[in-house]
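Asker:
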Amino acid sequence: MAIEMRTEAPLRGTIDFYQAAEKFVRYCSMCQNSKRPEDKVLYSKEARENLDAAYGAYLESFPVIFSTKDGVKPIPISLEVKTEELKRSLEAQLTSLDRQRIKKYLSALNNLKKYCPGNCNSKKVKKDIEKIKKLAEDVKKATETIYLEDLLDMTKKQLKEAAEDPEKFKSMFPLPPKPLEIEYRG
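Taking the numbering used here, the leading residue of the sequence shown gets 13, the next gets one more, and so forth.
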């Protein structure tokens, strides 16, 4: 099985998946609760489009989706990445892949594609919606944690650089033109 690697933003497909899954759940709920037929048609169309987007993102990105969920931090491939670091990241992604989990969510997505729109009130469909909703929530939480860690590390690095070279740090915040500078500092 060949896996396409996203070199610039490894979490892009993961984000696409959980955003589309969240939108699908929202429109599905609106469709089920709608009383007017024309609203049902509109909401089911939107639900179906987002389900298709989630399905596509899942198929493209399931290696990253599951590794992210398991706490593995996929790294972007660049010239600065050390070979050993990249190897460890890819091995961690590989060990997080479990055929049963992949098939479980893929069959849930396939069932939803079969029944939406139309027979969306069956218990099986509701269970599948809950499975996808839970996966999307878990992946979103894990992805946000990874980004938070990255931003925290970046901020720490910037503060360290600022402490070492205050002039460089001051240049990041340009002063207003001279007359205003006197007004602000006066």
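All C-beta atoms, glycine included, are put in the ideal place defined by N, C-alpha and C.
Please give me, in chain order, every unbroken run of the alpha helix (DSSP H) with length at least 4 that falls completely inside the stretch 71-122.
Answerer: Complete alpha helix (DSSP H) runs here, min 4: 95-108.
Asker: I'd like to check one pair, residue 76 with residue 129: are the Cβ atoms closer than 7 Å?
Answerer: The answer is no: Cβ separation not under 7 Å.
Asker: Tell me the DSSP secondary structure of residue 140 in three-state form.
Answerer: Reduced to three states, the DSSP call for residue 140 is helix.
Asker: Roughly how many whole angstroms lie between the Cα atoms of residue 36 and residue 172?
Answerer: Taking the straight line joining both Cα atoms gives about 43 Å.
Asker: Around the Cβ of residue 160, are there at least 16 other Cβ atoms within 10 angstroms (buried) or fewer (exposed)?
Answerer: Exposed, by the Cβ-count rule.
Asker: Suppose you measure from the CA of residue 152 to the CA of residue 32; what does that come to, to the nearest Å?
Answerer: Rounded to whole angstroms, residue 152 to residue 32 spans 11 Å at the Cα level.
Asker: Pick out whichever of 72, 110, 57, 83 has its Cα sitting closest to the Cα of residue 154.
Answerer: Taking only the C-alpha atoms, the option nearest residue 154 is 83.
Asker: Who are the near neighbours of residue 70 in its chain, counting only those whose CB is closer than 8 Å to its CB and skipping five residues on each side?
Answerer: Hits under 8 Å: 29, 77, 117, 118, 121.
Asker: Judging by CA-CA distance, which residue of 80, 58, 50, 41 is the nearest neighbour of residue 156?
Answerer: Comparing Cα positions, the closest option is 80.
Asker: Are the beta-carbon atoms belonging to residue 123 and residue 150 less than 7 Å from one another?
Answerer: Not closer than 7 Å, so no.
Asker: Within its chain, find whatever has a CB closer than 7 Å to the CB of residue 13; leave out the 5 residues flanking it on each side and keep chain order.
Answerer: Bear in mind that the predicted position of residue 13 carries a pLDDT of just 44, short of 50, making it unreliable; the figure below should be weighed with that in mind. Within the same chain, residue 13 has no close Cβ partners at all.
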